[in-house]
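Inspection log for the structure reproduced underneath, given as C-alpha cells.
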Amino acid sequence: MDFDANLPQHLERHLSAFLTEAGADIRAGEPAFGSGVDALTRFVLGGGKRLRPTFAWWAWRGAGGDPDGPDTEGVLRAVASLELVQACALIHDDLIDSSDSRRGRPTVHVSHAREHRAHGWLGAPEAFGMAAAVLLGDLALAWADDMYTGAPLPPATLAAAHPAWRAMRTEVLAGQYLDVRTQAVGDTTPEAALRVCRLKTAAYTVQRPLHLGAALAGADEARIAALHGFGGDLGVAFQLRDDLLGVFGDPSVTGKPAGDDLREGKRTLLVALGLQMAGDPEQRKLIADAIGADLAEDEVDTVRRTLTEVGAVEAVEARITALTSTALTALERARLAEPAAARLAALAETATQRVS
Numbered sequence: 312m313d314f315d316a317n318l319p320q321h322l323e324r325h326l327s328a329f330l331t332e333a334g335a336d337i338r339a340g341e342p343a344f345g346s347g348v349d350a351l352t353r354f355v356l357g358g359g360k361r362l363r364p365t366f367a368w369w370a371w372r373g374a375g376g377d378p379d380g381p382d383t384e385g386v387l388r389a390v391a392s393l394e395l396v397q398a399c400a401l402i403h404d405d406l407i408d409s410s411d412s413r414r415g416r417p418t419v420h421v422s423h424a425r426e427h428r429a430h431g432w433l434g435a436p437e438a439f440g441m442a443a444a445v446l447l448g449d450l451a452l453a454w455a456d457d458m459y460t461g462a463p464l465p466p467a468t469l470a471a472a473h474p475a476w477r478a479m480r481t482e483v484l485a486g487q488y489l490d491v492r493t494q495a496v497g498d499t500t501p502e503a504a505l506r507v508c509r510l511k512t513a514a515y516t517v518q519r520p521l522h523l524g525a526a527l528a529g530a531d532e533a534r535i536a537a538l539h540g541f542g543g544d545l546g547v548a549f550q551l552r553d554d555l556l557g558v559f560g561d562p563s564v565t566g567k568p569a570g571d572d573l574r575e576g577k578r579t580l581l582v583a584l585g586l587q588m589a590g591d592p593e594q595r596k597l598i599a600d601a602i603g604a605d606l607a608e609d610e611v612d613t614v615r616r617t618l619t620e621v622g623a624v625e626a627v628e629a630r631i632t633a634l635t636s637t638a639l640t641a642l643e644r645a646r647l648a649e650p651a652a653a654r655l656a657a658l659a660e661t662a663t664q665r666v667s
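Residue numbers (the numbering used here): 312 to 667.
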C-alpha cells in the first residue's frame, strides 16, 4: 500500500473511523448529544489542508520511519489526531473573533445559533451558539488526546513523542491567549506581532508536528533541533502569508470575507509595518482606524491600497521570502532521508505561496 502517495486518504480514513468510534457510546447513552457529535464530525471531515499531520508524517519518514513496517497504522492515527487539536483551535478562534464563516460555511457558533432560532427554543440564540462552540471545541481537544494515546504503538514510542504533544497543546492555547491579549492592550508593534506568530502558529502548525513525527521515529536531539529551526521560520512565513490573505485574499478561494482580519482587530505584522512605515499622518490614521472597525468593501479597498502604497505589503513579502530561505537551510541540516526531504521542501513552498 502506497501510504506516501495516498496520505490524505489515509488520514481521512483514520479520522472518520475514530470519530465514529468515539461518538458511539455517547450517542447511545444520550441521543440528544448526537447533533453535537454530528456537528463536530462535519467540521473535522469537511475540509482543511491537513498540514499538521502531513508535516508530522514526513518528519517520521525522514527520520527513519518505515511505511512498510508494523508501526505505520499507529503513526497514521497518532499524527491524524493533530486535526482534532486543530478543530478545537478553529472552533474557538471563530468564536473569539466573531467570525461568521469558515471554509465557505457558517461557523459552529453561528450554525448553532441559527438552529436555536429556527426551533424557537428558549433563551438567546447567540448565547446557545457560543456555549455549543465552547463545548464542541473542548470535546475536540479531549478526543485528540484519546486518539493520540490510543494509537496502536509501543508504549516507548508514544512516550518518546509525548513531550512534543504536551508542549504543543500548551503552546497553541498560550498563543491564542497572547493574540487576544495583544489585541486588548492595543500593542501594534512588529515585535508583538511576531511573538504571536511564533507561539500561535509556528510552534503549533509546523514545529511541534515535525518534532512529534521525528520523535515517533526515534530521532536524536540534533535532528529534532534542526527540524525545530526549519519549523520555526517556516511557521512564521506561513502565518505572514495568512495575514496577507486575510486582507487581500479572494473570499471565493479563502472561504472567509475579505478584510475579516481588519474587522476582527488583528494586530498582524502587515498592520504593524503599515503603521510604522506610513510617513503621512493621514495614512497612519487610516490604517489605525481600520483595526477592529466594521468596514464596508470600499473601505477595505482603501486600506489595501494604503498598505501597498506605504510599502508594508512588499516588506511582508520580503520577510516571507527570507524566512522560507532560512527554513530550507535548516531543513538541509536535518539530513532527512528521501523522499521526505524533497517533500518537506515542496511543502514549504506550498505553505508560503498558497492562495487559500
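Cβ coordinates follow ideal geometry from the N, Cα and C atoms, glycine included.
Quick one: is residue i buried, meaning 16 or more other Cβ sit within 10 Å of its Cβ, or exposed?
| i | result |
| --- | --- |
| Q320 | exposed |
| A504 | buried |
| K360 | exposed |
| R574 | buried |
| A569 | buried |
| D571 | buried |
| V564 | exposed |
| Y515 | buried |
| T460 | exposed |
| M458 | buried |
| A648 | exposed |
| T418 | buried |
How big is the Cα-Cα spacing for residue i and residue j?
| i | j | result |
| --- | --- | --- |
| P364 | L393 | 6 Å |
| L634 | R492 | 26 Å |
| S422 | G440 | 7 Å |
| A391 | G590 | 48 Å |
| A374 | G540 | 16 Å |
| D315 | P378 | 8 Å |
| H430 | D404 | 26 Å |
| Q664 | A462 | 34 Å |
| A485 | A400 | 11 Å |
| F366 | I535 | 13 Å |
| L318 | L581 | 34 Å |
| A478 | G345 | 32 Å |
| D605 | R578 | 16 Å |
| V381 | V611 | The displayed chain sequence assigns Pro, not Val, to residue 381. Rounded to whole angstroms, P381 to V611 spans 53 Å at the Cα level. |
| A389 | T640 | 28 Å |
| L469 | L527 | 7 Å |
| G546 | A398 | 18 Å |
| W368 | A626 | 33 Å |
| F329 | L395 | 11 Å |
Mapping DSSP to helix, strand and coil, what is residue i?
| i | result |
| --- | --- |
| P381 | coil |
| R413 | strand |
| K577 | coil |
| F314 | coil |
| D457 | helix |
| D349 | helix |
| R646 | coil |
| P592 | helix |
| P501 | helix |
| I602 | coil |
| A462 | coil |
| D408 | coil |
Between which two residues does the alpha helix (DSSP H) holding residue i run?
| i | result |
| --- | --- |
| Q487 | P466 to V496 |
| R363 | L362 to G373 |
| Y515 | No alpha helix (DSSP H) holds Y515; DSSP gives it neither H nor E. |
| A328 | L318 to G340 |
| V419 | V419 to H430 |
| R616 | E608 to E620 |
| A569 | Run containing A569: none; DSSP gives neither H nor E here. |
| L433 | Where L433 is concerned, there is no enclosing alpha helix (DSSP H), given that its DSSP letter is neither H nor E. |
| R654 | A651 to Q664 |
| A525 | R519 to L527 |
| D544 | E532 to F559 |
| A343 | That residue, A343, is in no alpha helix (DSSP H); it is neither H nor E in DSSP. |
Point to revise | Validate contact between the segment 496-506 and the segment 525-535 using beta carbons, cut 8 Å, 3 pairs | key: Taking 8 Å as the limit for Cβ pairs, the verdict is that the segment 525-535 does not touch the segment 496-506.
Review point. Any chance the segment 449-456 sits against the segment 347-360, with 3 or more Cβ pairs inside 8 Å?
Key: In short, these stretches touch, since the Cβ pair count reaches three.
Review point. Three or more C-beta pairs closer than 8 Å, one from the segment 506-523 and one from the segment 591-599: is that the case here?
Key: As far as the Cβ criterion goes, the segment 506-523 does not touch the segment 591-599, which means the pair count is below three.
Review point. Does the segment 617-635 come within contact of the segment 575-585, defined as at least 3 CB pairs closer than 8 Å?
Key: Short answer: they touch.
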